[in-house]
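All residue numbers for the sequence shown refer to full-length UniProt numbering, where the first residue is 1 and numbers rise by one.
Just so it is clear, CB atoms sit at the ideal spot from N, CA and C, and this is done for glycine as well.
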Amino acid sequence: MALGDLATHGLLPWLALQQTPGLGPVRGFRLWQTLGSEWYLSERLDRGGLSAEQLAGLGIAPLALLDRLLAWQQAGPGRHILTRDKPEYPARLNTLAGAPLLLFVEGDPAVLDRPQLAVVGSRQPSYVGKENTRTLVPRLVEAGLTITSGLALGVDGLAHQAALAAGGMTLAVLGCGLEQCYPKRHGPLSRTILDGGGALVAECYPWEGPLAHHFPRRNRIISGLSLGVLVVEAAERSGSLITARFALEQGREVFAIPGARQNPLAGGCNRLIQQGAKLVCEVEDILEELIEFSCAAIKIHAPAPVETLPYPDLLDNVGLEATSVDLIASRCQQPVQEVLTRLVELELTGWVESVPGGYVRARRN
């Protein structure tokens with residue numbers, strides 16, 4: 001594409017926001033809402049509360065990045081780049097403050113607005129976990145639900161496969177770019193999902209590989225697209241519980257299948273049920289809670305939980321001045337990777353902000 005055409009392309013402002021250090025999806029979209037589509041005019045940027053470094057970053061048009069993305073989009077059929085101002089952007093996800101500024105989709109983007117249930121669980125499920133996935137998912141498909149999951153090994157992959165085998169539709173949200181299927185052994189499964197009328201979705205640029213901090217971000221998209229999240233089987237320290245936590249914060253339903261206390265893969269589900277998740281024995285336990293599938297005139301909700309401070313030991317070590325991840329980990333005496341994952345969660349829910357040099361506490365309303 002000619003340079004002049006790139007300079008006026010509608011994706012350019014969104015890429016500039018995405019590339020600016022310290023903005024993130026929450027502040028980036030807030031800036032776009034405040035200043036409108038002409039936010040990039042220098043005389044208006046001063047009203048955005050940006051630092052000098054951020055202002056300088058926004059002044060550098062990412063033309064090379066735009067050209068590369070457009071080349072990816074045009075290289076194959078059914079490739080889409082959705083921004084939050086477009087009608088094709090999935091409506092349920094777009095209601096969330098931390099929704100991605102850009103969403104990369106392979107397949108029909110209209111599928112993203114179908115009634116969906118997220119099905120997640122252990123990467124190494126027990127025999128019971130496998131059987132529960134294989135028996136419950138076809139009934140959910142029969143009720144008209146699209147099955148959404150993360151294409152991971154274990155319950156995720158089984159959920160996609162069970163939906164397809166039942167003649168249903170399924171969506172896969174990746175923790176990497178759409179050119180970098182992870183895990184690689186699920187490459188054929190991803191193609192089958194597309195052949196079945198489903199879609200592959202990612203927040204990462206198409207060429208980005210899987211990194212640890214991509215997956216918590218991926219999980220909030222899985223829950224954000226869905227009416228609710230079913231946790232089939234999960235240990236007490238599990239990525240599936242991150243998805244469930246995002247679902248609660250997003251006002252989605254959370255369902256969990258109980259298990260024996262001797263089973264370490266049941267600990268996470270049992271804990272979720274203790275905390276108010278709907279215990280699932282039959283498919284009807286799920287359907288009666290979802291408005292679109294409920295025959296009841298009244299939907300019973302648990303009392304709204306009082307907001308508590310997440311990860312207080314970590315937040316106590318993030319102040320108003322930039323603090324590096326290594327220093328936070330040292331103060332908390334926790335592994336750096338675990339601290340980084342939690343910081344990403346806290347950023348997406350508005351507790352901290354990423355800045356040059358580390359993280360700072362966010363000023364919450």
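Check                                                                                                           : Outcome
Candidates A165, L178 and P183: closest to L151 by CA position                                                  : P183
CA-to-CA distance, P356 to E321, given in whole angstroms                                                       : 11 Å
Assumed close pair G228, L290 - CB separation to whole angstroms, cut-off 8 Å                                   : 6 Å
With 16 other Cβ atoms within 10 Å as the buried cut-off, status of L211                                        : exposed
Contact set for L117: own chain, Cβ-Cβ below 8 Å, skip 5 residues either direction                              : L140, L145, T146, I147, T148, S226, L227, G228, V229, L230, I286 and L290
Beta-carbon proximity list for G319, same chain, < 8 Å, skipping 5 on both sides                                : V360 and R361
Backbone CA spacing between I298 and P13 [nearest angstrom]                                                     : In this prediction, I298 has a pLDDT of 33, which is less than 50 and means its spatial position is unreliable; nothing more can be read from the coordinates.
Y205 versus G267, H186, L174 and T192, residue with shortest Cα-Cα distance                                     : L174
Beta-carbon proximity of S354 to E347, cut-off 8 Å                                                              : yes
Collapsed DSSP secondary structure at G350 in the structure displayed                                           : coil
Member of E284, V280 and R245 whose CA lies at the smallest distance from the CA of G259                        : V280
Contact belief for A166 with V119 at Cβ below 8 Å, rounded distance in angstroms                                : Not really, about 13 Å apart at Cβ, beyond 8 Å.
Boundaries of the beta strand (DSSP E) in which A256 is found, first to last residue                            : E253 to A256
Short Cβ contact (8 Å threshold) for A247 with I273                                                             : no
As assigned by DSSP and simplified to three states, the class of Y89                                            : coil
Coarse secondary structure for V336, derived from DSSP in three states                                          : helix
Beta-carbon proximity check, H9 vs L66, cutoff 8 Å                                                              : yes
Counted within 10 angstroms of its Cβ, other Cβ atoms place T135 as buried (16 or more) or exposed              : exposed
Spatial neighbours of S126 in its chain, beta-carbon cut-off 7 Å, leaving aside the 5 residues before and after : E233, N263 and L265
Per-residue DSSP class, three states only, for L12                                                              : helix
Environment of T20 [buried if 16+ CB atoms lie within 10 Å]                                                     : buried
V283 versus L15 - alpha carbon distance                                                                         : 42 Å
CB contact flag (L178, L200, <8 Å)                                                                              : yes
Length of the line joining the Cα atoms of G239 and P216                                                        : 7 Å
Coil, strand or helix - L31 by DSSP                                                                             : helix
Helix, strand or coil at R79 [DSSP, three-state]                                                                : strand
Under 8 Å between C-beta atoms of N270 and T243                                                                 : no
One or two residues paired with T323 in a DSSP bridge                                                           : Y359
Buried versus exposed, by CB contacts within 10 Å (16 or more), R191                                            : exposed
Under the three-state DSSP convention, the category G187 falls into                                             : helix
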